[in-house]
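Taken in order, these protein sequences are the chains called A and B. For the first sequence, my numbering gives the first residue as 1, with consecutive numbering after it. For the second sequence, my numbering gives the first residue as 1, with consecutive numbering after it. From the three backbone atoms N, C-alpha and C, an ideal C-beta is built for every residue, glycine too. Note that the structure is a prediction, hence the values are computed from the model and not measured. Quick notes on the structure that follows.
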Amino acid sequence: MSPDERWFPGHLREIGTAECLELLATHEVGRVAYSDDHGPVVLPVNYALDHDTILIQTSPHSALAQRLRDAPASFQIDDYDDYSQSGWSVLVRGHASYVDADDLPDDRARPHAWAEGQRTLHLRIVPTEISGRRLLPA
Amino acid sequence: MLEHMTTTAQLMGQPFEIPEEECRALLRAGSVARAAVSTPVGPHIVPVNYAVVGDSIVFRTSPYSVLGSHARGAIVAIEIDRFDYEHQRGWSVVARGRADQVTKAEDRNEIRRVWEPVAWAAGERNLYIRVPWSELTGRRLGRGWDPVEDLPIQGGLSGSTS
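Pasting the structure below:
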């Protein structure tokens, strides 16, 4: 493994794609990143995994909607336990675009926002790369 | 002090924005964040172990890592958050600024004085990156939750001289 993203002392193990997808399937909030005129922007969103793509809901007037109509995006989830200094992180890098109503899965499989608001627009991030790392205690 | 901040937040009537002082307190209370950088092929998100030193976020990385390659001299967004799945709420704080490499020995020593993560193999993560934030914002997610209520009690945290 290249000496990159060493985020703490301890043992870093790569997580295979299948396990990354399992982790993505069993969580509901993650962070999306995109670039605006000033640099990178990162914010948490509710999401759903649709096959191997990330579905996000937003308002048609949001910055997210403006920036992710057709643009590179990253999506990340993690779980880290401060006490045991262990955890994992999964990163999806890919391309975001709007989703047609016809291409949406059933309601059960859609993201469900925690906040109120008119989230009538769905975005899909199609991955070009899915990677994950597990940090085991030192 | 924390109660005062809570009351102030409520009085300000901005249910979803977290005031800057609370953002600062939340940053100081944390140790893990996600650093986002832009790269030629799109944004990248990397978890980092960080400390707050003055009005900057400091983290260590390898010169060959994504952050080592792309953060220096570039705008970096550092995000921390907490999610309460049971109650469907959470909060997030983002500090954004232009990163620089901490080159001066006295600056590195100053950082080490207030923050020394567990000893690391020499040469691997010997690059200190500092992000003095020019933007510090926070938001509550879901049905509104005062994150400061839930702040774990911690003594002797990294560094603030401000």
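Measuring C-alpha to C-alpha distances from K104 of chain B to each of B:N126, B:R89 and B:L27 identifies B:N126 as the nearest. Of all C-beta pairs linking the region 105-122 of chain A to the region 67-81 of chain A, fewer than three are shorter than 8 Å, placing the two stretches out of contact. Here A77 of chain B really is in contact with G39 of chain A; their C-beta atoms are around 7 Å apart, less than 8 Å. Considering only B:G30, B:S38 and B:V52, the residue with the shortest C-alpha distance to A71 of chain B is B:S38. About 6 Å separates the CB atoms of Y128 of chain B and V58 of chain B; that is less than 8 Å, so the two are in contact. For L68 of chain A, there is no enclosing beta strand (DSSP E), as DSSP gives it neither H nor E. Across the set B:S56, B:V41, B:A33 and B:R113, the C-alpha of B:S56 shows the shortest separation from the C-alpha of E135 of chain B.
By a beta-carbon distance limit of 8 Å, A74 of chain B contacts R98 of chain B. Their separation comes to about 7 Å. Beta-bridge partners assigned by DSSP to T128 of chain A: none are found. For the 8 Å CB-CB criterion, L21 of chain A and R133 of chain A do not form a contact. Below 8 Å, enough C-beta pairs join the region 108-116 of chain A and the region 55-66 of chain A to call them touching: three or more.
Among the residues facing chain A, G90 of chain B is included, as its CB has a counterpart in that chain under 8 Å away. A Cβ-Cβ contact shorter than 8 Å links E79 of chain B with A36 of chain B.
Per DSSP, the continuous alpha helix (DSSP H) segment holding L23 of chain A begins and ends at T17 to A25. Per DSSP, the continuous alpha helix (DSSP H) segment holding H70 of chain B begins and ends at V66 to H70.
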